[in-house]
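A short write-up of the structure that comes next.
In the numbering used here, the protein residues as written are 9 to 126.
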């Protein structure tokens, strides 16, 4: 449910969804791979959904192990491109379901700490 809400939100805000639930052979996983048409940037998106924010914002649940899996997936995706030097970033979309559905985009939520070829 949260990923569909996030994808719809991103489309309305100038993103093109390229792939959903990407899984790499090396254990990486990405909820959404997108193109930010306004910035011509490849975007790897993690969707964090919570019923309420009673225990903090959804992005607070993004632990280092999850970031590492997203980065591993991004490395694999970038290796598959003809030119892996394309501009890219890592975003988080927070989806809160109650009392009313709210969506918040965090651009550049984290970065890849090393070169994609390492």
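No residue lacks a Cβ here, since even glycine has one placed at the ideal position from N, Cα and C. Please read all numbers here as calculations on a predicted model, not as lab measurements.
Original post:
Which value, in whole angstroms, describes the spacing of the CA atoms of residue 99 and residue 107?
Top reply: As a working mapping, residue 99 is identified with position 91 in the chain shown. As a working mapping, residue 107 is identified with position 99 in the chain shown. When rounded, the distance between both Cα atoms is 24 Å.
**OP:** Going by CA-CA distance only, name the one from 102, 83 and 105 that's closest to residue 96.
**Re:** The count along the chain shown starts at 1 and reaches residue 96 at position 88. When only C-alpha atoms are compared, the closest one is 83.
Subject >> Cβ-based neighbour list, residue 2, same chain, cut-off 6 Å, excluding 5 preceding and 5 following >> reply: No answer is possible for residue 2: it lies beyond the span of the chain, which begins at 9 and ends at 126.
**OP:** Could you check if residue 68 is buried or exposed, using at least 16 other CB atoms within 10 Å of its CB as the buried criterion?
**Re:** By 1-based counting over the chain shown, the position of residue 68 is 60. Burial call: exposed.
Original post:
Measuring CB to CB, does residue 39 end up less than 8 Å from residue 23?
Top reply: Counted from its first residue, the chain shown places residue 39 at position 31. Counted from its first residue, the chain shown places residue 23 at position 15. Cβ distance not < 8 Å, so residue 39 and residue 23 don't count as in contact.
Original post:
What are the start and end residues of each continuous beta strand (DSSP E) run of 3 or more residues lying completely inside the stretch 56-118, in chain order?
Top reply: Correct list: 96-104 and 110-118.
Subject >> Residue range of the unbroken beta strand (DSSP E) whose run includes residue 37 >> reply: Translated into the one-based positions of the chain shown, residue 37 becomes position 29. Residues 37-44.
**OP:** Tell me whether residue 114 counts as near the ligand SAM, meaning its Cβ is closer than 7 Å to at least one heavy atom of that ligand.
**Re:** Because no ligand of any kind appears in the structure shown, any question about the ligand SAM cannot be addressed here.
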